[in-house]
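Numbering (the numbering used here), first residue to last: 6 to 330. Idealized CB from N, CA, C, for every residue including glycine. The structure displayed is predicted, hence computed values, not measured ones. Since the structure comes first, as structure tokens, the remarks are kept for the end.
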């Protein structure tokens, strides 16, 4: 088969379409012929040499895919050759074929094509596990999403609205905030010109956000704590603004608030399977009913992956950039 490889870390040109051995199926795995994958920030970090795959994972980038099952490994039940699926991966999505633990498979939602299905697993699993399974967002509460126009952001807006929450977002103004509004965001904050702490407090009559989904890390830590409501929960899922910052524990104590940080890629298979099962139960019906939809900015041929990485690094997109075979 062919896959996108990274012979040496570097810029987008470091991604090379190369002939490599076919994956070998292990116990409980299925082989998926990849029709589409999607670009995530983690792929960019891996290409740059900052985010190695976990032990045992495929060395090729790509944390999600969609396609058709072409073979079943030992011990697999409930799936058949020919099934259209999408999958959460620890790596290997930028390839013609990938071996996937059966617990990380999802059926392609009814009414969704393979290109759009490839944009779903990573964002659905990330948002559901953090906003709902960890931070326990409830109806009537306020969720603040940083990077509202990102793939994760566009999914978080829709899922939070679907369960009856109020949503505030930060984005770089203009087109991106317009898209957030179209998806249902109630409070639109241009982080280049507005202080999100002030705007969230204004929109909540001084109470603050009950849950914050944060991709920035250190840069926003102090202000995120300021923006939290009493009993608020801050879920950190990215470090685009750095990894180290001072945390005022006095503010947390006064608010009886919590700071949580999670990753998804390196979790044990059982944990990923549990998250995927929850996504299938809670998120897939919303997608099939049309209440939640995958947001795809553009599709690019997998061999032109360098261009896709340039788009993502420049933050020119809204939603996901999808690679098609």
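Residue 179 carries a helical assignment under DSSP once its states are collapsed to helix, strand and coil.
Annotated three-state conformation of residue 150 is strand, per DSSP. By the Cβ neighbour-count rule, residue 45 is buried, with 16 or more other Cβ atoms within 10 Å of its own. Beta-bridge annotation (DSSP): residue 42 is paired with 70, 328.
When DSSP states are grouped into helix, strand and coil, residue 272 belongs to the coil group. Residue 39 places its beta carbon 8 Å or farther from that of residue 263. For the set 170, 172, 195, 171, the Cα lying nearest the Cα of residue 182 is the one of 195.
Secondary structure note for residue 102: its beta strand (DSSP E) is the uninterrupted segment 102-106. When C-beta atoms of the segment 294-314 are compared with those of the segment 14-22, three or more pairs fall below 8 Å, so the two segments count as touching. Shown here for residue 266: same chain residues with a beta carbon closer than 7 Å to its own, the five before and five after excluded, namely 241 in chain order. With fewer than 16 other CB atoms across the displayed protein chains lying within 10 angstroms of its CB, residue 249 is exposed. DSSP places residue 236 in the uninterrupted beta strand (DSSP E) bounded by 233-241. Judged by beta-carbon spacing, residue 156 lies within the 8 Å limit of residue 128, meaning their Cβ atoms are closer than that value.
Ranking 70, 136, 32 by CA distance to the CA of residue 325 puts 70 first. If you look at residue 193, you'll find it in the beta strand (DSSP E) that goes 192-195. For a cut-off of 8 Å, the C-beta gap from residue 220 to residue 190 is around 16 Å, too long to register as a contact. Leaving aside the five residues that flank residue 233 on each side, the residues in its chain whose CB is nearer than 7 Å to its CB run, in chain order, 213, 214, 217, 239, 260, 262. Residue 164 places its beta carbon 8 Å or farther from that of residue 192. The continuous beta strand (DSSP E) containing residue 9 extends over residues 7-10. As DSSP reads the structure, residue 24 sits in a beta bridge with 7. DSSP, read as helix, strand or coil, puts residue 171 in strand. Between the segment 88-108 and the segment 27-34 there are three or more C-beta pairs closer than 8 Å, enough to call the two in contact.
In this structure, residue 66 lies near residue 51, with their beta-carbon atoms less than 8 Å apart.
Apart from sequence neighbours up to five positions away, the residues of its chain that approach residue 245 with a beta-carbon distance below 6 Å are 220, 221, ordered along the chain. Bounds of any alpha helix (DSSP H) do not take in residue 198, whose DSSP letter is neither H nor E.
Around the beta carbon of residue 68, a 10 Å sphere encloses 16 or more other beta carbons of the protein chains shown; the residue is thus reported as buried.
A Cβ-Cβ distance of about 5 Å is found for the pair residue 126 and residue 91, placing them in contact under the 8 Å criterion. The beta carbon of residue 54 is closer than 6 Å to those of 14 in its chain, skipping five residues each way along the sequence.
Taking each of 229, 124, 180 in turn and checking the Cα distance to residue 200, the smallest one comes out for 229. Residue 187 sits exposed, since fewer than 16 C-beta atoms from the chains shown fall within 10 Å of its C-beta. Cβ-Cβ distances below 7 Å link residue 78 to 30, 31, 32, 33, 34, 35 in the same chain, with the five nearest sequence neighbours on each side left out; the list follows chain order. Assignment of residue 265 by DSSP, reduced to helix, strand and coil, places it in the strand class. Within the same chain, Cβ atoms closer than 6 Å to the Cβ of residue 304 are found at 120, 327, 329, the five residues on either side in sequence being excluded. Within the segment 112-163, the alpha helix (DSSP H) runs of at least 4 residues that lie entirely inside it are, in chain order, 119-122, 126-132.
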